[in-house]
């Protein structure tokens, strides 16, 4: 949200009704729907509306989330919520970061992406840190161009080989701090309670509902 030269703007509230989820990632849409369930909104995915996927030209998670949400709101005439998230690995200086989905290639092959991350960490040397964190930026946009943005984070450690068949993306190689299992091994409810997406959603919910 742009700064108002006359002072801070009030956060705009989201009213019950239809809300476009500006994503074509089924796993991400499923998690967002579960998190939105209690708040009286009717989630509709961008794929259901045949909305195009914009080119993600931003240099930060929030910039890309805002870009996607604003396009979906403009094309649909409805409020739109977008998530831009990724894995940031200390030994790789924050990569894959905003390029996390692109590391999976056109086929969205996250087994390939996880293997690539691990190979690069190992190539960094035996003493390379296994520390990593997930970031989730949420942008909520209205057709008139107003946007609210929120960012969440969860810290953890990379594990190899990947563990568990739950979640999506890089979940199976990420073990959150304080836990002995990966996101891929966690029940969805447990992950929803403490993930980077849950952190960002808690901030969004407190602000707009």
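Residue numbers (the working numbering): 7 to 215.
Note that beta-carbon positions come from the ideal geometry of N, C-alpha and C, so glycine has one too.
When beta bridges are read from the DSSP output, residue 181 appears opposite 163.
Boundaries around residue 24 are those of the beta strand (DSSP E), 23-27, since no alpha helix (DSSP H) includes it.
Take the alpha-carbon of residue 82 and the one of residue 163: they are about 39 Å apart. Beta-bridge partners assigned by DSSP to residue 146: 87, 154. Judged by DSSP in its simplified three-state form, residue 82 adopts helix.
At a cut-off of 3 residues, not a single continuous stretch assigned as beta strand (DSSP E) sits fully inside the stretch 55-81. Of the other Cβ atoms in all chains shown, fewer than 16 fall within 10 Å of the Cβ of residue 151; this residue is therefore exposed. With distances taken between CA atoms, residue 62 lies nearest to 91 out of 37, 44, 91, 48.
Burial state of residue 57 is buried, judged by a 10 Å Cβ sphere holding 16 or more other Cβ atoms. Residue 73 counts as buried, since no fewer than 16 other beta carbons sit within 10 angstroms of its beta carbon. With a threshold of 16 other beta carbon atoms within 10 Å, residue 197 meets it and is buried. Here residue 173 carries a coil assignment [DSSP, helix/strand/coil]. Residue environment analysis places residue 54 among the exposed positions, since fewer than 16 neighbouring C-beta atoms fall within 10 angstroms of its C-beta.
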